[in-house]
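Take a look at the structure below.
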Amino acid sequence: MKKHKFLITFIMAAIISYILMYGFYLSMSVGLPYKTLFLQMRRYIPNAMVIGIVFSLWQQSKIPWKKISPHIVVFLAWAVVYPLSYWITFHQNTNFIDNHFDISFASYIFVFTTTLRLLLHTFSITTIQRRMSTLTISMLHTLLMVLPVLQIIYFVNYHSPITEAACMAMLQTNALEAHEYILQNVGYSGILMIIILFIILLFLFMWGNYVKIHTVKPIKKTILISVIILLASGIYSCQIFRETGIMDVLHNAQDYFDNAQKFNAYHKNNFNTLIVTPTTPEFSQPSTIIMVIGESASKDYCSAYGYSRHDTTPWLRTMSSQPGFILFKHAYTSWGQTVPALERALTEKNQYNNLDFNQCITMLDIAKKAGYTTYWISNQGTISNADTPITLVAKTADHSAWIEDELANSDHQRYDGDLLPYLKRIDPKENNFVVIHIMGSHDSYDNRYPRDFTKWPSETGRNSVTEYDNSIAYTDWFLEQVYMYGKDNLNLQAMLYFSDHGADPQHRRHPDYAPFEGLRIPMFLYLSPEYCKLYPITSSVLQNHADTYFTNDLMYELMCGVFHIKSNHYDETNSLSSTNYKYTRDMLTTELGKINLTEDINN
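Residue numbers (the UniProt record's numbering): 1 to 603.
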């Protein structure tokens, strides 16, 4: 009779679980080929069978059926959260969705936790033992709920599952930026609520898992089966955990950075094969060219471009009408995140070719071969052992410095103005190419400028737009200081400023999507009287291109043109400084080729 009951439970549980798993998988999928349909049809058979065995063992243990509910909750969290959030977000704009591993992982986790519970219950005879086993399994359940709960919170906030772009943003963020982001978007109260949520989950699991009476008599055969299932399900869970949706996007993002690390392996050989002429600048005396890379500055919030709420860029607005200053009206970023945008801006890699970053020549390489001593001065983070492509490029400079490193043990809040003393380290007796990477308007905006610099205080508490305006104004002041120091001390011949990407301070930033407000960027170029006299055609072409459309992944070619060089790694048709510049608005894209600039009806 017991064997008959065991078999009935096994068959019923296996059939029902198979129908539910495969049915849910089909409902969450799009465009599956027949081969995949049949492959997954077979995949869920062993999952269903082992679930059937576990249900039969549970029945045999005499533990109340309601006590299996915590295990079902964890199963549903892993089986449903990522596939459902992914389907809701993308099913209308993609022709293929296949998230089968989440359901499979959920089934093995269900089998693992229920089998572990059965074994713990078998040997928990005293009240203390039962309480300890309950605490153990409840802590495991709570731990397993961390990723699903965080995914739910993310989806509620961004209406999207956690994607590769989101993971890249996380991996490229240093501790200070992460701290600022959490405080701005979650706050201490939000952190406290999340902690309380998990504490509540732990107590609910303890209540759901606790069995007052020891109900099972150990049977060697049952114990042996349970141990085998426990080990097998544990091994399979570990093997396919990497393939679940959330872990897949995280590993893909990590692979991107790991692949970038190959840059160092290839760089020496690539540099040795680089040919640049002339090999020394043609200016009458040692000179300096400066490039300032902004952060999260939107053209739409710069008064030099017509923004009227506040006069955020008075210096640039004034200087843009002076001889030698060129204010580019239609500049865009290639992507709404720093690393993907700048790995293209700094190298010959762009949206319009298929070059690998780790095989690319950089503008620092060009400058070195052209006879310049190179400097990289940064108020951004280095990310230490997880170097981004930006850091890899920066470390090839002859001289590089990060405020983060030199103020590591200081309580001093880092502002872009703290970069100015570093300019004194530049030797005015040499030809120099200086890259200055600022924090600009990176959120949190109110942390980007000193309190005594505040030009427009918020009238009613925190105001992100007002704080953003203040950060833009501080960048304008900073650019003025760099320009003046360069002119007075370094024989400044050219100074370029552009932002890595923009921002929309009125809306929460989304890692996968940026409105055009976050894609339009400010950009200007100053050319000295000597430069304009020495290179009149280049100067004239650049001035004539002030209204030409441009994406900042072509910045490498622009700087090659500013250096006025020829090279086996320089395509003049990509350079805004050349009469052969080939791009029109119809040809240019942003968001790494996903959006055409013609879609921006307001620019």
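Note that CB positions come from ideal geometry on N, CA and C, so glycine has one too. Everything numeric in this text was worked out from a predicted model, so none of it was measured.
Chain-order list of residues whose beta-carbon lies under 7 Å from that of residue i (same chain, five-residue window excluded)
i	result
valine 541	Ser577, Ser578 and Thr579
threonine 598	Arg585 and Asp586
alanine 386	The predicted model places alanine 386 with a pLDDT of 46, which falls under 50 and marks its position as unreliable; any figure quoted below should be read in that light. Cβ within range, chain order: Leu171 and Phe257.
threonine 36	Asp98
isoleucine 246	Tyr82, Leu147, Gln151 and Ile162
isoleucine 472	Ala297, Tyr301, Cys302, Thr312, Thr313 and Ser441
leucine 327	Ala304, Ser320, Phe524 and Ala546
glycine 486	Thr288, Ile290, Leu492 and Met495
valine 236	The sequence given here places tyrosine at residue 236; valine does not occur at that position. Correct list, in chain order: Tyr108.
glutamine 359	Tyr266 and Asn270
leucine 230	Phe112, Thr115, Leu116 and Leu119
aspartate 600	Phe516
Per DSSP, cross-strand counterpart(s) of residue i
i	result
methionine 523	Phe498
isoleucine 595	Thr590
valine 30	Ile97
tryptophan 402	Ser378
glycine 440	Glycine 440 pairs with nothing; no bridge assigned.
serine 567	Val276
isoleucine 290	Val434 and Met495
threonine 36	Threonine 36 pairs with nothing; no bridge assigned.
threonine 362	Thr347
Enclosing alpha helix (DSSP H) for residue i [first to last residue]
i	result
tryptophan 207	187 to 209
valine 149	127 to 158
valine 465	464 to 489
serine 284	It is not in any alpha helix (DSSP H) - serine 284 carries neither H nor E in the DSSP assignment.
threonine 89	69 to 90
tyrosine 531	529 to 534
histidine 267	262 to 272
tryptophan 315	314 to 319
cysteine 302	Careful: cysteine 302 lies outside any alpha helix (DSSP H) and carries neither H nor E.
threonine 391	389 to 394
glutamate 164	164 to 171
Element boundaries [beta strand (DSSP E), containing residue i]
i	result
leucine 327	325 to 327
histidine 437	432 to 437
serine 378	373 to 378
phenylalanine 550	549 to 551
alanine 503	No beta strand (DSSP E) contains alanine 503, which DSSP labels as neither H nor E.
glutamate 332	A quick correction: the sequence has tyrosine, not glutamate, at residue 332. Its beta strand (DSSP E) spans residues 330 to 332.
Same chain only: Cβ atoms within 6 Å of residue i, ignoring 5 sequence neighbours per side
i	result
alanine 14	Ala48, Met49 and Gly52
threonine 333	Ala341, His501, Leu519, Ile521 and Asn552
glutamate 480	Trp315
tyrosine 336	For clarity, residue 336 is glycine in the given sequence; the question names tyrosine instead. Counting only Cβ-Cβ distances below 6 Å, and skipping sequence neighbours, we find His501, Ala514 and Gly518.
Residue i classed as buried or exposed, judged by whether at least 16 other C-beta atoms fall within 10 angstroms
i	result
serine 384	At serine 384 the pLDDT is 45, less than 50, meaning the model places this residue with poor confidence; the figure from the coordinates comes in the next sentence. So serine 384 ends up on the exposed side.
proline 536	exposed
phenylalanine 123	exposed
tyrosine 188	exposed
lysine 3	exposed
serine 308	exposed
aspartate 476	buried
isoleucine 63	buried
glycine 306	exposed
valine 207	The sequence shown places tryptophan at residue 207, rather than the valine named in the question. Per the 10 Å Cβ criterion, exposed.
methionine 12	exposed
glutamine 322	exposed
glutamine 92	exposed
methionine 21	buried
asparagine 568	exposed
alanine 350	Note that residue 350 is asparagine in the sequence shown, not alanine. Buried.
arginine 242	exposed
proline 457	exposed
aspartate 102	buried
asparagine 353	exposed
Cutoff 8 Å; reference residue i; Cβ partners in own chain excluding five residues on either side
i	result
asparagine 409	Any reading at asparagine 409 must be qualified, since the residue scores a pLDDT of 48, below 50, and its modelled position is unreliable; the value itself is stated next. Excluding sequence neighbours, asparagine 409 sits near nothing in its chain.
histidine 71	Phe110, Thr113, Thr114, Arg117 and His141
cysteine 238	none
leucine 588	Tyr332, Tyr549, Phe550, Thr551, Asn596 and Leu597
Proximity test, residue i beta-carbon vs the ligand NAD heavy atom, cut-off 6 Å
i	result
lysine 582	Although the ligand NAD was asked about, the structure shown includes no ligands whatsoever.
Within-7 Å CB hit, residue i to chain D
i	result
isoleucine 403	No chain D is part of this structure, which consists of one protein chain only.
### Message
For the structure I just gave you, are there three or more beta carbon pairs, one from the region 434 to 442 and one from the region 375 to 382, closer than 8 Å?
### Response
Counting C-beta pairs with one atom in each stretch, the region 434 to 442 and the region 375 to 382 have three or more that are closer than 8 Å, which means they touch.
### contact_flag[the region 443 to 450, the region 419 to 429] where n(CB pairs < 8 Å) is 3 or more
Not touching, per the Cβ criterion.
### Query
Quick one: any contact between the region 91 to 105 and the region 21 to 31, if contact means 3 or more CB pairs under 8 Å?
Enough Cβ pairs lie closer than 8 Å, so yes.
### Query
How about the region 276 to 287 and the region 563 to 578: do they share at least three Cβ pairs that are nearer than 8 Å?
Touching, yes, given that three or more Cβ pairs across the two stretches are closer than 8 Å.
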